[in-house]
Each structure stands twice: as C-alpha cells, then as structure tokens.
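Colleague:
Residue numbers (this note's numbering), protein chains in the order written: chain A, 1 to 274; chain B, 275 to 527.
1. Buried or exposed for residue 43/A, please, with buried defined as at least 16 other CB atoms from any protein chain shown within 10 angstroms of its CB.
2. Since residue 480/B and residue 461/B should fall inside the 8 Å C-beta cutoff, what is the C-beta to C-beta distance between them, to a whole number of angstroms?
3. Given a threshold of 16 other Cβ atoms within 10 Å of its Cβ, counted over all protein chains shown, does residue 303/B qualify as buried or as exposed?
4. Given that residue 242/A touches chain B, what residues does it touch there, using C-beta distances under 8 Å?
5. To the nearest angstrom, how far is it from the Cα of residue 91/A to the Cα of residue 429/B?
6. Within the continuous beta strand (DSSP E) that includes residue 77/A, where are the two ends?
7. With residue 183/A and residue 135/A assumed to form a contact (beta carbons below 8 Å), what rounded beta-carbon distance in angstroms separates them?
8. Going along the chain, which residues of the stretch 416–441 of chain B sit with their C-beta nearer than 9 Å to a C-beta in chain A?
9. Spell out whether any CB of chain A is found under 9 Å from the CB atom of residue 391/B.
10. Quick check on the DSSP output: what are the complete alpha helix (DSSP H) runs of length 4 or more inside the stretch 434–514 of chain B, in order along the chain?
11. Would you say residue 463/B and residue 295/B are within 9 Å of each other, going by their C-beta atoms?
12. Is it right to say residue 291/B is buried, meaning 16 or more other beta carbons lie within 10 angstroms of its own, or is it exposed?
13. Output the distance between the C-alpha atoms of residue 365/B and residue 405/B, rounded to the nearest integer angstrom.
14. Report the neighbours of residue 455/B on chain A: residues whose CB is nearer than 7 Å to its CB, in chain order.
15. In angstroms, rounded to a whole number, what distance separates the CA positions of residue 469/B and residue 493/B?
16. Give the interface partners of residue 251/A over in chain B, defined as CB-CB distance under 7 Å, in chain order.
17. I'd like to know whether the C-beta atoms of residue 408/B and residue 279/B end up nearer to each other than 9 Å.
18. Residue 210/A: which of 243/A, 255/A, 222/A and 175/A sits nearest, CA to CA?
19. Could you check if residue 206/A is buried or exposed, using at least 16 other CB atoms within 10 Å of its CB as the buried criterion?
20. With distance defined between alpha-carbon atoms, name the residue in 145/A, 133/A, 99/A and 119/A nearest to residue 163/A.
21. By alpha-carbon positions, which one of 251/A, 187/A and 220/A ends up nearest to residue 89/A?
22. Is it the case that the Cβ atoms of residue 522/B and residue 297/B are separated by a distance below 9 Å?
23. Take residue 277/B as the anchor and find which of 513/B, 424/B and 517/B has the nearest alpha-carbon.
24. Measuring only the C-alpha atoms, how far is residue 434/B from residue 346/B?
25. Between the beta-carbon of residue 352/B and the beta-carbon of residue 396/B, is there less than 9 Å?
26. Quick one: grab the DSSP three-state call for residue 410/B.
27. If I'm right that residue 426/B touches residue 270/A with Cβ under 8 Å, what's the distance once you round it to whole angstroms?
28. In chain order, what residues of the same chain have a beta carbon less than 6 Å from the beta carbon of residue 2/A, not counting five sequence neighbours either side?
29. Return the CA-CA distance between residue 121/A and residue 86/A, expressed in angstroms with no decimal places.
30. Within 10 angstroms of the Cβ of residue 378/B, are there 16 or more other Cβ atoms? Answer buried if so, exposed if not.
31. Would a C-beta distance cut-off of 9 Å place residue 364/A and residue 455/B closer than the cut-off?
32. So, is the C-beta of residue 491/B closer than 9 Å to a C-beta in chain A?
33. Among the residues of its own chain, which have a CB less than 8 Å from the CB of residue 383/B, if the five just before and after it don't count?
34. Would you say residue 471/B faces chain A, with C-beta separation under 9 Å as the test?
35. By the criterion of Cβ-Cβ separation under 7 Å, what are the contact partners of residue 282/A in chain B?
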C-alpha cells in the first residue's frame, strides 16, 4: 500500500524509519530554537539597543541594561558590575524581585565591597566568582546550582542567603565588552524562573547568545555615554580664565597711544556723521 | 539710517569671514541693501566665498586707498548669489574685496595706509550704494584700522573659539569697544566641539564678559566639507547651523 506524504522517502525498515523520524524531529526542534533566538534578537535586543544608545541619564541607562537582561531571560534577580580603575568589579545596580531589593540607580546606595579582578598579593587573576571569571575570561559562564558548584566560590552569595533567607540557585554571568574586546563590566543574573511552574531552573543555554547580544549593545551604549560625558566635562573644565593684570596692561598699551585718545574723542562724531 | 556692523576676532582662524558673509547674506535676504568690505588687506579671503578667484578681482579696496578709484568703483554686485532663495524685494548685496596681488599686500605692509581715508570710504560707500547695512570684515588683532572700524560701528560682533588664547584677546577687544562706546557688542562662539553643550558654553562666556552671546556655532562637519566654496546659509538653508546664524542676524541692530 502506498502512503501519501513524506514517508515515501523513509527507509522500508521500521527501526531505521524511527531513527530518521527522530533525527528529523531533532532538526525541526533545532530550527525552531534558532528561529526563536533570531526573533528574540530582532524583536527585543535590537530595539533595546537603540533605546540604550539614546540614553541621556547614566543611572537610568545602567538600570535599564540590567532590567532588560533580567526580563529577557526571566531571572528573579541580577547585578550590574562595572570595572573600576582599581581593576575591581563594583556593584552598580542590584535588583531582586522576590526579596523586593532595589539598590543602586534609583534605589538605595550599595555598600557591598567590590570584587577584585586580581589577587592583591600575587597579582594572579581572580576567577573564584562567576562574575570575576566572566570578566577575566571575557566569556559567559552559567552555574545551575550555586550550592553544588565546583570551581567557584560562593561565600558572598551564601552569606547573602543566610541574611535574607533567599536561595540563590542558578547563575548566569555575561561580560560587557567594548568593541576592542576590553571588558568594562559584567551582567550577572540570578535564579531563572520557569514561566509555567514558577520554579527556579537553570538558565536556558539558548538564551545565553541573546543576552550576549544585548550586552554587546549595552557596552556600546555605555561607551558612547562615557565618551560624551568626558567631552561634556572637558568643556565644563574650559573655564573662561582671563588674566586680569595682563588684560589691563594690554588694554593700556593701546589706549595710551595718541591715536586711540584721538579716536576716543572722535568716535561719537564719526558715528553721528554718517 | 544705515548701520555699520564690524565683525572682529582677536586671532585668525575663528571663522570671522565666514560669519561676516553669512550675516550679510541673511540680512540681504530680508530685502536690505548690504555691502561687505574686506578690510583684512594683509590676508584677504572673503571674496572666495562669493566665487571670486585671484584673477577675478580687478578693482579692490586697495585701489581706493591709494587714490586710484572711487570706492564704489571697487564694489562688485554679488546680488545674483541670492538667486533661487526666498528674497524680499529690494535686496542687494555688494562686495568690496581687498586686492589679492602680493605686490599690493606688500605695499600695505610696507607703507600702511591712511586710516582716515578708510573712514571716508565707508561713508562714501553707504551713500553711493544707498546701503542699509555695511559689514566690515576686519583684520584679526588690534591695529588702527580695526580700532577705527570698532569706533564707527553701530554693532561689534566678536567671534571667538572656546579656548584660552581667544578668551584673553576677546577680553581686551571688549574693553576697547566699551571705551569707544560702541553701542552694541555681541559675541559669537564658533567651532564648539559638542553641540549639546552649546547653551552651557554660551551662558558661561556671556557671564564672564558681561556681553550677550548672540550664538554658539558647533564645529560642523558640513562647514568643514563646504571648505569655503560657498556661503553656508545659501548652500544649507535648512541646516541647524543656519538656524543659529539666523538667530545671530536677528539680533543685529
């Protein structure tokens, strides 16, 4: 019996047929994921990037970068760090929805100590925290459960959990890199929430490239802001400084001449004579 | 009554000639009869903006100063540059260039000239060409000729850049103009790096000199690209820079 459809192409052997069907399903799922990622970049990341580039308020810009990243991957909390001149990651914006925490930006000031990117004594790079790891390596890193993570140090997180009763579980840290590859900060997201069950789940590997795209645009927006801010400050620094002693001397050199005295007397008449 | 407007800057390279040409053109477009005198006899330049080349200037201000012709004979009618632009009736635009011949420039440097004759020339021009406005593109710095221009002007427009050397020189010029009782003194800040801070730059400079800032012009790529090949407000009538120039022209007496 001849069956309609694509099965014409399938091998006659039942086992081989199932295998091919599974492969086709996997491929379709892969294409579906790619399409979703593409849609996320086009529909979410690019408009956000454009909005960020027009930002005029620095703190609002920083806050927006974190909030957009948090929304994009359905995270309960997150931190935006910026690299300081002392080569540390400073906490700039901290948000946690279920704890109702909003620090930095429009929220309360942050007093968390910065994370050093180098060991003060040896100068060796500090990759103990996920955020510093991402900054040092210029790459994203995800941890499914902080309490069972190997190779990372979560004492700060554990202390935070003890203090607040929170359970920090899944982490995603993405570096903010400028066009020349310099890491200027890190976006760290905490506890991805499954939209259906509300349970804390690991970060979807599919969302990582999307957050990375966002972080590239965010870094560009920060750089534009900082460059413009630098120019603004330079112009403000261009104070109108006039050497009054020199000014008086230069004026006197001219006004003490016979020509000037004569002109001064005639000036009004000259104007009126026209 | 006719008005004499001097445009001056303490140092060269401030965009003085460009500003003079634009203010003169914008005033002419309002239906005024306008003359421009290039008194920068040592380094003339405004003629280029109106399309003159070295060979194109036959009679110049120098010829009048040496007594070789009447001043109005050195005036070129450049009203046709306004063609194609919305112009009120009665508009006329004349240019009295300085000579580009190196021999003439050398003679000015060597012998100087009778500044009083320059003053007579201005008055004669206004009368012969029935001018409403005479714009004087002065020589940078302070010499007898610039002092005379300042002394006889109804308004002095001082062009400066936002930098220390211009600040100092402008302070001196402002003091001299006050001593000569020039009725109106205004500043135009040119080549400001970041357009978004124009207001702050203008406010600061105006407060420092106690002189109104009539406009703050950005360092515009479009101005650089035009490279003195024309009068900016005619080439780019819709440009933001032209809007600032219109604002400056509107503040002239």
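Each residue gets a CB set at the ideal place from its N, CA and C atoms; glycine is no exception.
Modeller: Looking at the coordinates:
1. Answer is exposed; the Cβ neighbour count stays below 16.
2. Going by Cβ atoms, the distance from residue 480/B to residue 461/B rounds to 7 Å, so yes, they are a contact pair.
3. Here residue 303/B is buried, its C-beta having at least 16 other C-beta atoms within 10 Å.
4. 441, 442, 445 and 482
5. 57 Å
6. 75–83
7. 5 Å
8. 416, 418, 421, 422, 424, 425, 426, 427, 428, 436, 437, 438 and 441
9. no
10. With a minimum length of 4 residues, the continuous alpha helix (DSSP H) runs that stay inside the stretch 434–514 of chain B are 438–453, 472–483, 495–500 and 506–509.
11. no
12. Only buried fits residue 291/B, as 16 or more other CB atoms lie within 10 angstroms of its CB.
13. 10 Å
14. Those within 7 Å of residue 455/B in chain A are 267 and 268.
15. For residue 469/B, the pLDDT reaches just 49, beneath the cut-off of 50, and the residue's location in the model is therefore unreliable, although a value from the coordinates is still provided. Their backbone Cα atoms lie some 8 Å apart in a straight line.
16. Correct list: 446, 449 and 450.
17. Yes, Cβ-Cβ distance for residue 408/B and residue 279/B is below 9 Å.
18. 175/A
19. Label assigned to residue 206/A: exposed.
20. Nearest to residue 163/A by alpha-carbon distance, out of 145/A, 133/A, 99/A and 119/A, is 99/A.
21. 187/A
22. Going by C-beta atoms, residue 522/B is nearer than 9 Å to residue 297/B.
23. 424/B
24. 31 Å
25. Against a cut-off of 9 Å, the Cβ pair of residue 396/B and residue 352/B comes out as no contact.
26. strand
27. 5 Å
28. Because residue 2/A sits at a pLDDT of 42, beneath the cut-off of 50, its placement in the model cannot be relied upon, and the following sentence gives the value as read from the coordinates. The beta carbon of residue 2/A is closer than 6 Å to none in its chain, skipping five residues each way along the sequence.
29. Approximately 14 Å, taken between the alpha carbons.
30. buried
31. A question about residue 364/A goes unanswered here, because the residues of chain A that appear run from 1 up to 274.
32. Not closer than 9 Å to any Cβ of chain A, the Cβ of residue 491/B fails to qualify, so no.
33. 316
34. Flagged as an interface residue toward chain A: residue 471/B, by a C-beta distance shorter than 9 Å.
35. What is shown of chain A runs 1 to 274, which leaves residue 282/A out entirely.
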